[in-house]
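Trainee: Residue numbers (this note's numbering), protein chains in the order written: chain A, 1 to 267; chain B, 1 to 276. Can you keep this structure in mind? I'll have questions shortly.
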Amino acid sequence: MSGLFAGFYSILSWIGSIVDPFCGPVGVFRWLAPGTLLACGDTGWGDDIAYGFVVTASLALATLPVGLLIGFFVALGKQSEERTVRLAANIYTTIFRGLPELLTLFIVYYGLQILVQQLLGTFGYGGPVEINAFFAGMIALGVVFSAYCSEVLLSAFKAIPHGQYEAGDALGFHRNRTMRLIILPQLVRIALPGLGNLWMALLKDTALVSVVGLTDILRQTGVAARVTKQAFEFYGVACVLFLILAMISSIVFANLERWTKRAEMGR
Amino acid sequence: MSAVATMIPPQAPPPVPPKPYTLARFVGSVALGIWLALGVGIFLTVVSGWDPEKFAKYGPRFLSGLGVTLMLVSISIVLGAILSLPIAFARMSKNRLWSWLAYGYVYFFRGTPLLAQLFLIYYGLGSFRPQLEAVGLWWFFRDAWNCALFAFTLNTAAYQAEILRGAIQSVPRGQREGAAALGLPERVAFWKIILPQAMIVALRPYGNEIILMIKGSAIVAIVTVFDLMGETRYAFSRTFDFQMYIWAAILYLIMVEILRNIWSALEARLTRHLKR
Chain A
1 MSGLFAGFYS ILSWIGSIVD PFCGPVGVFR WLAPGTLLAC GDTGWGDDIA YGFVVTASLA
61 LATLPVGLLI GFFVALGKQS EERTVRLAAN IYTTIFRGLP ELLTLFIVYY GLQILVQQLL
121 GTFGYGGPVE INAFFAGMIA LGVVFSAYCS EVLLSAFKAI PHGQYEAGDA LGFHRNRTMR
181 LIILPQLVRI ALPGLGNLWM ALLKDTALVS VVGLTDILRQ TGVAARVTKQ AFEFYGVACV
241 LFLILAMISS IVFANLERWT KRAEMGR
Chain B
1 MSAVATMIPP QAPPPVPPKP YTLARFVGSV ALGIWLALGV GIFLTVVSGW DPEKFAKYGP
61 RFLSGLGVTL MLVSISIVLG AILSLPIAFA RMSKNRLWSW LAYGYVYFFR GTPLLAQLFL
121 IYYGLGSFRP QLEAVGLWWF FRDAWNCALF AFTLNTAAYQ AEILRGAIQS VPRGQREGAA
181 ALGLPERVAF WKIILPQAMI VALRPYGNEI ILMIKGSAIV AIVTVFDLMG ETRYAFSRTF
241 DFQMYIWAAI LYLIMVEILR NIWSALEARL TRHLKR
């Protein structure tokens with residue numbers, strides 16, 4: 001079984017190395033920057049920065065489903081008829097929208113570390129514990145994202161007329177089925193612009209995780225800047241890479257919006 | 001000659017059916033219970049770990065950090081507001097060059113993380129030291145606080161320019177035409193008719209931007225400015241006491257909540273003529 005996974009993984013990494021836009025056979029750094037500081041391999045920082053790019057993108061992509069899921073349920077809680085549920089959901093958003101992202105990250109990173117250490121301590125394990133920076137970043141950013149996401153989804157829920165729910169009841173649908181077949185498709189369409197903004201904010205917030213040692217774009221360029229003493233160039237490269245990520249996502253979101261609105265087109 | 005001789009005595013209403021114990025109620029109780037337990041837990045750890053010596057040592061530092069944060073945010077918001085005016089007008093200008101330049105500026109500062117911009121200015125400009133010394137600007141960029149202020153001002157100017165532009169463009173065309181029909185000069189029409197209406201639209205985004213700046217200002221701690229976050233990190237690195245982060249969190253939450261309440265009161269007051 002593990003052999004299968006290893007083979008699968010090696011095929012994946014081989015495909016990745018072929019289509020790698022930075023250091024692959026048709027990569028930017030390989031063709032435009034040989035012999036410079038951005039060259040691939042041991043002579044330059046191209047491959048390290050490309051690795052950081054992948055880490056940043058994957059952190060944002062891994063955070064997105066976590067944040068969306070929590071945000072959806074918090075939004076449901078906020079429009080619940082039960083007062084306690086509403087109160088709990090509102091406390092959640094108030095706290096995580098009010099805290100700086102960096103502080104949330106530190107609280108999650110060090111707090112989890114202390115918590116796990118104490119937990120393991122009760123089982124008799126006294127060694128040092130280190131939480132994975134990627135995991136801590138995923139939780140901290142996911143929590144912040146979900147707090148904002150719940151607000152966006154709440155206003156989208158409010159934009160859906162009550163008659164839509166009644167139509168679901170009239171058709172004899174179960175609540176879950178009404179949600180899945182009638183409400184969710186409209187919700188996505190209404191909430192997508194807001195979610196696009198949140199995704200951009202998330203993409204930028206991933207830079208903060210470099211502070212707790214994740215090897216993302218900013219960390220890798222920072223190391224390169226410190227070693228080569230060419231800080232302006234390398235931080236400039238970092239900014240350009242973030243801009244590229246922003247451009248790619250704005251193109252993707254524009255297409256998604258067109259796709260969700262395809263029913264309204266041609267009228 | 002009524003058919004009814006005796007009235008039926010008034011009946012008590014049927015008893016209210018007992019509220020079913022729903023799943024939502026259970027979830028709500030559990031969630032509130034978790035929050036309550038967290039609150040009590042934090043309170044108890046603070047009480048049990050209370051150390052007057054630590055409080056005397058780091059309390060004033062926290063307050064000075066709070067002052068640094070507030071000062072940094074307020075100065076950069078004001079300077080950014082001033083800088084955002086020409087950017088917003090360049091963005092709306094009919095001249096292609098100006099509008100593209102302003103668009104590029106806004107796109108750059110809104111598309112990259114504030115942390116990367118701060119590094120670009122603080123560390124990046126450090127590599128131009130001879131040139132900066134030649135033009136006599138090195139004293140400014142040598143200091144982390146100035147660099148942070150500079151980066152924040154540029155960043156918030158980009159966001160505020162977008163807010164301003166959106167607000168001005170949201171004022172209906174008819175308002176401008178009405179002013180023109182009354183024979184008002186362009187300048188008067190802008191200051192007396194367009195801008196007041198635009199500012200009401202822009203009020204909420206401005207509040208959000210200030211809150212975002214307060215939260216974003218925490219990153220200056222990374223470039224050795226001792227704002228609230230910087231003091232917290234300093235205190236934590238000395239004591240390894242997790243309470244420091246809790247104190248900082250409470251202070252930040254208080255700041256943001258106060259601002260949010262002030263802003264919503266302001267908005268309610270300023271838009272009272274729009275209430276139906």
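Beta carbons: idealized from backbone N, C-alpha and C, even for Gly.
Verify whether the separation of the beta carbon atoms of A/VAL74 and A/SER155 is less than 8 Å.
Mentor: For this step, residue 74 of chain A is matched to residue 74 along the first sequence. For this step, residue 155 of chain A is matched to residue 155 along the first sequence. Not in contact: A/VAL74 and A/SER155 (Cβ atoms no closer than 8 Å).
Trainee: Give a yes or no on whether the C-beta atoms belonging to A/LEU112 and A/VAL209 are separated by under 8 Å.
Mentor: The residue you call residue 112 of chain A lines up with position 112 of the first sequence. The residue you call residue 209 of chain A lines up with position 209 of the first sequence. Cβ distance not < 8 Å, so A/LEU112 and A/VAL209 don't count as in contact.
Trainee: Return the residue from the list A/GLY7, A/GLY52, A/ASP20, A/LEU184 that minimises the CA-CA distance to A/THR215.
Mentor: Along the first sequence, read from residue 1 onward, the residue named residue 215 of chain A stands at position 215. The shortest C-alpha separation from A/THR215 is found at A/GLY52.
Trainee: So what's A/ALA147 in DSSP terms, helix, strand or just coil?
Mentor: As a first step, residue 147 of chain A is located in the first sequence; it is residue number 147 there, counting from the start. A/ALA147: helix per DSSP, three-state reduction.
Trainee: Considering Cα atoms alone, identify which of A/TYR92, A/LEU59, A/GLY46, A/ASP47 is closest to B/LEU36.
Mentor: Against the second sequence, residue 36 of chain B aligns to sequence position 36. Nearest C-alpha to B/LEU36: A/TYR92.
Trainee: Verify the contact flag: A/VAL223, CB atom, against every heavy atom of the ligand FMN, threshold strictly below 7 Å.
Mentor: Among the ligands in the structure shown, none appear at all, so the ligand FMN cannot be discussed.
Trainee: Going by C-alpha distance, which of A/SER250, A/THR56, A/SER150 is nearest A/ALA191?
Mentor: As a working mapping, residue 191 of chain A is identified with position 191 in the first sequence. The shortest Cα separation from A/ALA191 among A/SER250, A/THR56, A/SER150 belongs to A/SER150.
Trainee: On a CA-only basis, which of A/TRP259, A/ALA39, A/VAL212, A/LYS261 is nearest A/ILE131? Give me that one, please.
Mentor: Residue 131 of chain A sits at position 131 when you count from the first residue of the first sequence. Comparing Cα-Cα distances from A/ILE131 to each of A/TRP259, A/ALA39, A/VAL212, A/LYS261, the minimum goes to A/VAL212.
Trainee: To the nearest angstrom, report how far apart B/TYR103 and B/PHE109 are at their CA atoms.
Mentor: Translated into positions along the second sequence, residue 103 of chain B becomes position 103. Translated into positions along the second sequence, residue 109 of chain B becomes position 109. Their backbone Cα atoms lie some 10 Å apart in a straight line.
Trainee: CA-CA distance, A/GLY194 and A/ARG177?
Mentor: Reading the first sequence from its first residue, position 194 is the one you call residue 194 of chain A. Reading the first sequence from its first residue, position 177 is the one you call residue 177 of chain A. The straight-line gap from Cα to Cα measures roughly 25 Å.
Trainee: Please state the DSSP three-state secondary structure of B/GLY111.
Mentor: For the purposes of this step, residue 111 of chain B is taken as residue 111 along the second sequence, with counting starting at 1. Helix, per DSSP.
Trainee: Grouping DSSP H, G and I as helix and E and B as strand, with all else coil, what is A/CYS40?
Mentor: Locating residue 40 of chain A in the first sequence gives position 40, where the first residue counts as 1. In this structure, A/CYS40 counts as coil in the three-state DSSP scheme.
Trainee: Could you check whether the Cβ of B/GLY49 sits closer than 8 Å to any Cβ belonging to chain A?
Mentor: Start at 1 with the first residue of the second sequence, and residue 49 of chain B comes out as number 49. Chain A, which has no Cβ nearer than 8 Å to the Cβ of B/GLY49, makes this no.
Trainee: For B/GLY166, I'd like the list of residues in its chain whose CB is within less than 6 Å of its CB, leaving aside the five on either flank, ordered along the chain.
Mentor: In the second sequence, counting from the first residue as 1, residue 166 of chain B sits at position 166. None.
Trainee: In chain order, which continuous runs of the alpha helix (DSSP H) of length 4 or greater are located wholly inside the stretch 146–199 of chain A?
Mentor: Correct list: 162–170, 175–178.
Trainee: Between B/ALA218 and A/PRO65, which are expected to be in contact by the criterion C-beta below 8 Å, what is the C-beta distance as a whole number of angstroms?
Mentor: Against the second sequence, residue 218 of chain B aligns to sequence position 218. Against the first sequence, residue 65 of chain A aligns to sequence position 65. Their Cβ separation, rounded to whole angstroms, is 26 Å, which puts B/ALA218 and A/PRO65 out of contact at 8 Å.
Trainee: Whose C-alpha, out of B/ILE200, B/PRO52, B/LEU70, is nearest the C-alpha of B/ILE254?
Mentor: The residue you call residue 254 of chain B lines up with position 254 of the second sequence. The option with the nearest alpha carbon to B/ILE254 is B/LEU70.
Trainee: Can you check whether the CB of B/VAL201 is closer than 8 Å to the CB of B/SER170?
Mentor: Within the second sequence, residue 170 of chain B is the residue found at index 170, counting from 1. Within the second sequence, residue 201 of chain B is the residue found at index 201, counting from 1. A contact, by the Cβ cut-off of 8 Å.
Trainee: B/ILE163 and B/TYR206: beta carbons closer than 8 Å?
Mentor: Taking the first residue of the second sequence as 1, we reach residue 163 of chain B at position 163. Taking the first residue of the second sequence as 1, we reach residue 206 of chain B at position 206. Yes, Cβ-Cβ distance for B/ILE163 and B/TYR206 is below 8 Å.
Trainee: So what does DSSP say about A/CYS23, is it helix, strand or coil?
Mentor: Stepping through the first sequence from its first residue, residue 23 of chain A is reached at position 23. Coil at A/CYS23, not helix or strand.
Trainee: May I ask you to verify whether the stretch 116–128 of chain A touches the stretch 77–94 of chain A, counting CB pairs closer than 8 Å and requiring at least 3?
Mentor: Contact between the stretch 116–128 of chain A and the stretch 77–94 of chain A is absent, because fewer than three Cβ pairs lie under 8 Å.
Trainee: Could you tell me whether the Cβ atoms of A/GLY137 and A/GLY67 are closer together than 8 Å?
Mentor: For this step, residue 137 of chain A is matched to residue 137 along the first sequence. For this step, residue 67 of chain A is matched to residue 67 along the first sequence. Going by C-beta atoms, A/GLY137 is not nearer than 8 Å to A/GLY67.
Trainee: Is the shortest distance between the beta-carbon of A/GLY271 and the beta-carbons of chain B less than 8 Å?
Mentor: Since the first residue shown for chain A is 1 and the last is 267, residue 271 of chain A is missing from the structure and cannot be characterised.
Trainee: In or out: B/ILE75 buried (at least 16 other Cβ within 10 Å) or exposed?
Mentor: Counted from its first residue, the second sequence places residue 75 of chain B at position 75. It counts as exposed.
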